[in-house]
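> Numbering (our numbering), first residue to last: 61 to 184.
Quick one: this structure, given as structure tokens, is what I'll be asking you about.
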């Protein structure tokens, strides 16, 4: 039976996967029939995370190849478009500080307007 699955490449603690059509009897990283794309789960910045040859994947599925669950999820993700990359922590903290500064300024302005209203009522 032909399956579409991930074949692990890359280095220790730095995975990189080829998406391949292979006979189910072959080892995970061994022989394969055709390479259909690649998946880089640790992609950063402008690196491409997922590349698929959708035309060839459709061809193999029509021939009876069974994609694994993970490959099905990657195909769906590829059809939706690349998901937005994560915001770096430094940018996230900066945005959080700006939001809290705005909230503090807003509450200070509200407190000042309450004090002005109290001063006017005391004078009357």
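For every residue, glycine included, the Cβ atom is placed at its ideal position computed from N, Cα and C.
Please read these numbers as outputs of a predicted model, since none were measured by experiment.
Since residue 131 and residue 93 are thought to touch, with beta carbons under 8 Å apart, how far apart are those beta carbons, to the nearest angstrom?
Going by Cβ atoms, the distance from residue 131 to residue 93 rounds to 15 Å, so no, they are not a contact pair.
> The beta strand (DSSP E) spanning residue 111 covers which residue range?
Note, residue 111: beta strand (DSSP E), 110-112.
> Can you tell which of 98, 107, 106 and 122 has the C-alpha that lies nearest to the C-alpha of residue 113?
Taking only the C-alpha atoms, the option nearest residue 113 is 98.
> Leaving out five residues on either side along the sequence, give the residues of the same chain with a beta carbon under 8 Å from the beta carbon of residue 68.
Around residue 68: 75, 76, 77, 88 and 89.
> Under a CB-based cut-off of 7 Å, is residue 81 close to chain B?
The question asks about chain B, but that chain is absent: this structure has only one protein chain.
> Determine the burial state of residue 63: buried for a count of at least 16 other Cβ atoms within 10 Å of its Cβ, exposed for fewer.
Its Cβ being crowded by 16 or more others within 10 Å, residue 63 is buried.
> For residue 132, report the span of its alpha helix (DSSP H) as first-last.
Taken as a continuous stretch (DSSP letters only), the alpha helix (DSSP H) holding residue 132 covers 129-140.
> Got a sec, what are the start and stop residues for the beta strand (DSSP E) residue 89 sits in?
Taken as a continuous stretch (DSSP letters only), residue 89 belongs to no beta strand (DSSP E), as it is neither H nor E.
> Output needed for residue 111: all residues of its chain with C-beta closer than 7 Å, excluding positions within five of it in sequence on either side, in chain order.
Correct list, in chain order: 97 and 98.
> When you compare only the Cα positions, how much space is there between residue 83 and residue 117?
Between residue 83 and residue 117, the C-alpha separation is close to 15 Å.
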